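Participant: Pasting a structure here, questions to come.
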């Protein structure tokens, strides 16, 4: 009897191995037909990442500026990188490539499974429809006061005349405070200082772990990672954050119920009055989002919005410090709008800061918040003259498209006037996409731009931004690395000189 069982098991295993071998033979043939660096059977290019510094990993992933399609293989997952606007447009037009890549967004599932970033299909459409009203212009304009309040807090915390080694954390407090007020409620943002610090610490841990897991196949499984010390710490911290969020969510739901607003119909008056992300989800018509999904959206927007905006603001400050002539133009425009006043920024002010907006756009061109996006290939499919294996991924090289000389003359030169109307005419729509483009574009792009513009309009009235002695004279010489956002490999900081002292010098 035992012998028979063993024979059956061995036969079953042999059959499975034979089936896998047939599948892999086809898979490997398709992989090798796509241009890319040499790869090993089964391992792919995994060994190429061993020993590479963080900045070298990003260079290897994105390639060396070639406009042609390029293939990488991570174990058996084939990743095809498209690097120019024309090929990117082809990807975005294909409905069969609309879903986000499971491979690249898997690490988010340990924190939030049903967030807008990682969702696909009908559930994504339901969430997007429910969330869209929270990002209407009338509501975003109401948020400007919160953005300004947090920027003023940054101004008070700045240590003048010395480099701030904790600049990123300081900026995360700005973006996290604004996030809490615009997502949950003003009172939460004002009274939950310790919870904000918990969120920032959780974010730091999550980003470190995401990068570590991506380059270590042994940690790709959530179950395996959950057994590690960092995995256990993430679970513990996530539980604490979930508890705080549930308390606030329940309290807000009760407030809306007592005011008679928690009902099924979604009136036009609602989108005209100030609200928050949570209010939008609780009052959405036709689709009642489960509480767990509301929490997932909260955590997804936190991970995607707080750190990415803070990371971009650092690039803005660094660009100002290395381009004093451009900083003078930005400051002059701000002074023209505010006439030397210290009053708080208003939505109408933002509409007048045209050069400042062009400066932000040029910074995002050279340093897009996310250097690449990925889409899922569900079935074997033809793509730009090649056949892609099922369960592979197509990566959109935003950084490469933004620095493509075919669309950007002298692409490494920092020039905000590229975005003057006369200079933008006829530009390919996929040559510039800092917040993606198409129907799966970033829902919070306008939110981030208004937040960053408000920050600059507040901070630059009080401080001049000066460079530090870090050896970098040009922005494009700074080595890059990537976790969720694009950042400087060794970190960055600047000096802040009080305006009165700078102008009196």
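Numbering (the UniProt record's numbering), first residue to last: 1 to 505. Every residue, glycine too, gets a C-beta built ideally from N, C-alpha and C. Bear in mind that the values here come from a model prediction, so they are computed numbers and not experimental data.
In this structure, does DSSP put residue 142 in helix, strand or coil?
Facilitator: Reduced to three states, the DSSP call for residue 142 is helix.
Participant: Would you report the Cα separation of residue 38 and residue 29, rounded to the nearest angstrom?
Facilitator: The alpha-carbon atoms of residue 38 and residue 29 are separated by roughly 13 angstroms.
Participant: Should residue 236 and residue 226 be called a contact, given that it needs their Cβ atoms to be closer than 8 angstroms?
Facilitator: In this structure, residue 226 does not lie closer than 8 angstroms to residue 236 by Cβ.
Participant: Taking only runs of the alpha helix (DSSP H) that begin and end inside the stretch 330–415, which ones reach a length of at least 4 residues, in chain order?
Facilitator: You should have 347–352, 354–366, 398–402.
Participant: Mind checking which residues open and close the beta strand (DSSP E) that includes residue 74?
Facilitator: It spans 70–74 - the beta strand (DSSP E) in which residue 74 sits, taken as one unbroken run.
Participant: So what does DSSP say about residue 202, is it helix, strand or coil?
Facilitator: Three-state DSSP puts residue 202 in a helix.
Participant: In this structure, does DSSP put residue 121 in helix, strand or coil?
Facilitator: Residue state, collapsed to three classes: helix.
Participant: Considering Cα atoms alone, identify which of 451, 478, 464 is closest to residue 171.
Facilitator: Of 451, 478, 464, the residue nearest in Cα terms is 451.
Participant: Measure the alpha-carbon distance for residue 370 versus residue 197 and round it to whole angstroms.
Facilitator: So the alpha carbons of these two residues sit roughly 24 angstroms apart.
Participant: What are the uninterrupted segments assigned as alpha helix (DSSP H) that are 4 or more residues long and contained completely in the stretch 404–475, given in chain order?
Facilitator: Counting only runs of 4 or more, we get 421–424, 445–459.
Participant: Check residue 153 in the structure and name its three-state DSSP category.
Facilitator: Reduced to three states, the DSSP call for residue 153 is helix.
Participant: Just the Cα atoms here: how many angstroms apart are residue 266 and residue 283?
Facilitator: Because the pLDDT of residue 266 is 47, which lies under 50, any placement of that residue in the model is unreliable, and the question is left without a value.
Participant: Give me, in chain order, the residues of the same chain whose beta-carbon lies closer than 8 angstroms to that of residue 228; leave out the 5 immediate sequence neighbours on both sides.
Facilitator: Result list for residue 228: 219, in chain order.
Participant: In this structure, how does DSSP classify residue 175 when only helix, strand and coil are distinguished?
Facilitator: Helix.
Participant: So does the stretch 287–305 actually touch the stretch 144–151, counting three or more Cβ pairs closer than 8 angstroms?
Facilitator: Contact between the stretch 287–305 and the stretch 144–151 is absent, because fewer than three Cβ pairs lie under 8 angstroms.
Participant: Please report the straight-line C-alpha distance between residue 147 and residue 350, rounded to a whole angstrom.
Facilitator: When rounded, the distance between both Cα atoms is 12 angstroms.
Participant: Leaving out five residues before and five after residue 114 in sequence, what residues of the same chain have Cβ atoms less than 6 angstroms from its Cβ?
Facilitator: Contacts found: 293, 296.
Participant: Name the residue from 494, 441, 483, 490 whose alpha carbon lies nearest to the alpha carbon of residue 204.
Facilitator: Among 494, 441, 483, 490, the Cα nearest to that of residue 204 is on 483.
Participant: At a cut-off of 7 angstroms, would you count residue 351 as near the ligand SAM, judging by its Cβ distance to the nearest heavy atom?
Facilitator: The ligand SAM is not part of the structure shown, which contains no ligands of any sort.
Participant: Going by other Cβ atoms of all chains shown within 10 Å of its Cβ, with 16 needed for buried, is residue 493 buried or exposed?
Facilitator: Buried, because 16 or more other Cβ atoms sit within 10 Å of the Cβ of residue 493.
Participant: Determine, using beta-carbon pairs with one atom in the stretch 20–35 and one in the stretch 369–387, whether at least three such pairs fall under 8 angstroms.
Facilitator: Contact holds: three or more Cβ-Cβ distances are below 8 angstroms.
Participant: Is it buried or exposed, residue 216, if we count other Cβ atoms within 10 angstroms and call 16 or more buried?
Facilitator: Exposed: under 16 other Cβ atoms inside 10 Å.
Participant: Would you kindly work out how many angstroms separate the C-alpha atoms of residue 340 and residue 355, rounded to a whole number?
Facilitator: Whole-angstrom Cα-Cα distance: 18 angstroms.
Participant: When the distance is taken between beta carbons, is residue 91 closer than 8 angstroms to residue 377?
Facilitator: No; because the gap between Cβ atoms is not below 8 angstroms, this pair is not in contact.
Participant: Where do the ends of the alpha helix (DSSP H) carrying residue 298 lie?
Facilitator: Run containing residue 298: 291–301, per the alpha helix (DSSP H) assignment.
Participant: Note down, one range per segment and in chain order, each beta strand (DSSP E) of at least 3 residues found wholly within the stretch 46–97.
Facilitator: For the stretch 46–97, whole beta strand (DSSP E) runs of length 3 or above, ordered along the chain, are 70–74, 77–82.
Participant: On the criterion of 16 or more Cβ atoms from any shown chain inside 10 Å, does residue 516 qualify as buried, or is it exposed?
Facilitator: This structure leaves residue 516 out entirely; the chain is present only between 1 and 505.
Participant: Name the DSSP beta bridge partners of residue 495, please?
Facilitator: In the DSSP output, where bridge partners are listed per residue, residue 495 has 466.
Participant: Out of 106, 445, 123, state which residue places its alpha-carbon closest to the alpha-carbon of residue 221.
Facilitator: Answer by Cα proximity: 106.
Participant: Going straight from the alpha carbon of residue 373 to that of residue 123, what length do you get?
Facilitator: One C-alpha to the other measures close to 20 angstroms.
Participant: Closest to residue 176 by C-alpha separation, out of 159, 155, 201, would be which residue?
Facilitator: The candidate whose alpha carbon is nearest that of residue 176 is 201.
Participant: Anyone know if the C-beta pair for residue 277 and residue 183 falls short of 8 angstroms?
Facilitator: For residue 277 and residue 183, yes; Cβs fall inside 8 angstroms.
Participant: Do you know offhand how far residue 254's Cα is from residue 248's?
Facilitator: Cα-Cα distance, rounded: 10 angstroms.
Participant: Could you spell out the range, first to last residue, of the beta strand (DSSP E) harbouring residue 487?
Facilitator: That run of the beta strand (DSSP E) goes 486–488.
Participant: If residue 158 and residue 463 are in contact, beta carbons under 8 angstroms, what's the gap, nearest whole angstrom?
Facilitator: 6 angstroms between Cβ atoms; contact.
Participant: Looking at residue 456 and residue 306, is the spacing between their C-beta atoms short of 8 angstroms?
Facilitator: Not in contact: residue 306 and residue 456 (Cβ atoms no closer than 8 angstroms).
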